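Novice: Residue numbers (the working numbering), protein chains in the order written: chain A, 10 to 208; chain B, 28 to 152. Ideal placement from N, C-alpha and C gives every residue a C-beta, glycine not left out. Quantities reported herein were computed from a predicted structural model and do not represent experimental measurements.
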């Protein structure tokens, strides 16, 4: 159905024309574009961040390094690249809940979370979560007790944020690999909590 | 908050899957991939691109009511076109001409360089 939308057709034509011109000028290889798209569609996603969080939950020394220098600590696990150069990890606790936004555009830690979901980029989320985080989180299905302080981190500087969620009590006896299955993308943005994996 | 805030690839998407749909339409993935590839070649850096993207998003928000559907990759693509024009890589006029040429391809013609040149009288001396 999207194919019949005039704006969508216009955009499709425009990017085709641009690729065409850039290829002619010797500035762009279509195969390079294909490879980038495939990497972001298949490889670079929230599973990376889930490994980071699970490691931090099971290895206190790693957690210290992660909170100290996020970029260096995720590089230890093999993750890095664009939009991850200044990664700051913020830790949730019994009294503090962290949530991440980019008020001006869509800054997001690509190496650990992949590309941002549509709602993260929406004008509604970007403007409202700063003004009324508790209300927005409730609408997204996350109730934060009034006694817990909500800290909203705006990624619009050079810094990209990743939330280190609290390890769920129900997952106390699990090993690192099993714990990674509990870590959701939304928990690492701060709009959700870790969840038991669906069978 | 509008209904589409939580829909599309939002909370309904399997958050643990790395294979989730990150682009709603193919042109969005091309717009992303072209910008990333040009940045890899050093034509610009992400900070420059980001400044253009912020400007395009702000412009869209100024010109449209909040309940109108927002196309993030529409802004992304306009930012890319604008930045390449600023850099003198590709002018708006050049792009228009090429769009026009592509749009006037016969229906079902997938290849930019066709083989039916005998039908093309535009370049006759």
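Touch check for the region 172-184 of chain A and the region 115-128 of chain A: three-plus C-beta pairs under 8 Å?
Specialist: Cβ pair count under 8 Å is below three, so no.
Novice: Is the CB of residue 115 of chain B under 9 Å away from at least one CB in chain A?
Specialist: no
Novice: Taking only the alpha-carbon atoms, compute the straight-line gap between residue 101 of chain A and residue 76 of chain A and give it to the nearest angstrom.
Specialist: Approximately 11 Å, taken between the alpha carbons.
Novice: Taking only the alpha-carbon atoms, compute the straight-line gap between residue 96 of chain A and residue 107 of chain A and give it to the nearest angstrom.
Specialist: 15 Å
Novice: For a contact meaning CB atoms closer than 9 Å, what does residue 104 of chain B contact in chain A?
Specialist: 20, 23, 24 and 27
Novice: On the criterion of 16 or more Cβ atoms from any shown chain inside 10 Å, does residue 92 of chain A qualify as buried, or is it exposed?
Specialist: buried
Novice: Given this structure, state the Cα-to-Cα distance separating residue 118 of chain B from residue 112 of chain B, to the nearest angstrom.
Specialist: 5 Å
Novice: By the DSSP assignment, the alpha helix (DSSP H) with residue 47 of chain A in it spans what residues?
Specialist: Residue 47 of chain A -> alpha helix (DSSP H) spans 39-47.
Novice: For residue 26 of chain A, count neighbouring Cβ atoms within 10 angstroms of its own Cβ and tell me buried if that reaches 16, exposed if not.
Specialist: buried
Novice: Go ahead and pull the three-state DSSP assignment for residue 140 of chain A.
Specialist: Three-state result, residue 140 of chain A: helix.
Novice: Run down chain B in chain order and give the residues with a C-beta less than 9 Å from the C-beta of residue 49 of chain A.
Specialist: 49, 50, 56, 59, 60 and 63
Novice: Assess contact between the region 185-203 of chain A and the region 144-156 of chain A, defined as three or more Cβ pairs (one per stretch) separated by less than 8 Å. Is contact present?
Specialist: yes
Novice: Count the other CB atoms, across all protein chains shown, that sit within 10 Å of the CB of residue 60 of chain A; report buried if there are 16 or more and exposed otherwise.
Specialist: buried
Novice: Considering only the alpha carbon of each residue, which of A/202, A/19 and A/14 lies closest to residue 127 of chain B?
Specialist: A/19
Novice: Whole angstroms is fine: what's the gap from residue 109 of chain B's alpha carbon to residue 79 of chain B's?
Specialist: 7 Å
Novice: Decide if residue 151 of chain B is buried, meaning its Cβ has at least 16 other Cβ atoms within 10 Å, or exposed.
Specialist: Note that residue 151 of chain B scores 39 on pLDDT, short of 50, meaning its location in the model is unreliable; the coordinates nonetheless yield the value given after this. Its Cβ having fewer than 16 others within 10 Å, residue 151 of chain B is exposed.
Novice: Just confirm the distance between the C-beta atoms of residue 83 of chain A and residue 112 of chain A, as a whole number of angstroms; I'd bet it's less than 8 Å.
Specialist: The pair is not a contact, with the Cβ atoms about 24 Å apart (cut-off 8 Å).
Novice: Taking CB distances under 9 Å as the criterion, tell me whether residue 68 of chain B reaches chain A.
Specialist: yes
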